[in-house]
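Novice: Before I ask anything, here is the structure I am working with.
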Amino acid sequence: MSVLLLILLLTTGSSYSLECRTNCSLGPFYFFRPFNIPDGQCQQRKSGLVCSVKMTFRYDSKLYYVDFDTSSLSTDSFYISDGNYLSYSINYQCSKGIDCVIPYTQNRIYEMFDRVYNPQIIYGEIAPIIENPSRNGTIQCYNTRNATITCGSKEFCNLDYDQRENKFRSRGCKQNIEPRVHVYDGRSYSSFEIGCNRDLCNNDETLSKIKTILINYGLIDDNGRRIAQGNIKMVSLLLMLSALIFNILYSL
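Numbering (the working numbering), first residue to last: 78 to 329.
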């Protein structure tokens, strides 16, 4: 009974329905402009167990966007490509009360302002590894069996590496893409994806070199990940709950 009561007390804050701002997109705002919801906007609300916010930071244009809803999972992701493009997106969930996403949003925006990412310099180091400006025709790529295959003139080599399982999720040819790097870190999986147009560029060496560049510029940690803040809080809560239950059961 004591254990059940403890669980109930710890989870009550996230079990009732919240009134969340929803279907509201704000921006673009210039970097270093404090975030506040303009008067009369984001008035629509929807009941949900969690409230969520998505923040998108364009380091190439120094603009950011904010979207409120009730469905997004807590994730971090970023995308780097030619044209000095660097977009960093953060999805965050909370269940601690009405507008619980607002303080997090304001604090996280200031944190992201402090990250001095220079897309031109970062992609300038990545480009020689994944780009072949003089490519003309087919290219050779690796597949998931590490065998060499031929990709068509309109295809690129591609790899998608699972950061948690330390293995390739997919590898081979892909259409309608450009040389780019996409890193995703969420609750259920973590992905490191690279598209390139050099012969046999979707290999371990390319993955290692690009990871090193991103680590040097603070975009990922030494494990190749950037853990979403919402996930950290959720894991911490579960660990605390497990420890308390164990201690109570052990003392009975």
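Just so it is clear, CB atoms sit at the ideal spot from N, CA and C, and this is done for glycine as well.
Please report how far the alpha carbon of residue 153 lies from the alpha carbon of residue 203, in whole angstroms.
Specialist: Distance between the alpha carbons of residue 153 and residue 203: 21 Å.
Novice: Give me the Cα-Cα distance between residue 162 and residue 182, rounded to the nearest whole angstrom.
Specialist: Cα-Cα distance, rounded: 23 Å.
Novice: So, at 6 Å on beta carbons, what are the nonlocal neighbours of residue 275 in its own chain, with the 5 sequence-adjacent residues on each side left out?
Specialist: Around residue 275: 209.
Novice: Which residue or residues does DSSP assign as beta-bridge partners of residue 135?
Specialist: BP columns for residue 135 point to 140 and 164.
Novice: To the nearest angstrom, report how far apart residue 232 and residue 248 are at their CA atoms.
Specialist: In a straight line, the C-alpha of residue 232 is about 13 Å away from that of residue 248.
Novice: Can you tell me whether residue 193 is buried or exposed, with buried defined as 16 or more other CB within 10 angstroms of its CB?
Specialist: Its Cβ having fewer than 16 others within 10 Å, residue 193 is exposed.
Novice: Do you know how far the Cα of residue 176 is from the Cα of residue 110?
Specialist: If I take the Cα positions, the gap works out to 20 Å.
Novice: Pick helix, strand or coil for residue 99, following the three-state DSSP scheme.
Specialist: Residue state, collapsed to three classes: coil.
Novice: Does DSSP put residue 219 in a helix, a strand or coil?
Specialist: Of the three classes helix, strand and coil, the one that applies to residue 219 here is strand, per DSSP.
Novice: When the distance is taken between beta carbons, is residue 147 closer than 7 Å to residue 123?
Specialist: Cβ distance < 7 Å, so residue 123 and residue 147 count as in contact.
Novice: Cβ-heavy atom distance between residue 294 and the ligand ATP below 6 Å?
Specialist: What this structure holds is no ligand at all, so the ligand ATP is not there to describe.
Novice: Could you give the C-beta distance for residue 239 and residue 268, rounded to a whole number, given that I count them as a contact under 8 Å?
Specialist: Indeed, because the Cβ distance is near 7 Å, the residues count as touching under 8 Å.
Novice: Out of 254, 293, 266 and 246, point me to the one whose CA is closest to residue 280's CA.
Specialist: Cα-wise, what sits closest to residue 280 is 246.
Novice: Exposed or buried, which one is residue 291 when buried takes at least 16 other CB atoms within 10 Å?
Specialist: By the neighbour-count rule (16 or more Cβ atoms within 10 Å), residue 291 is buried.
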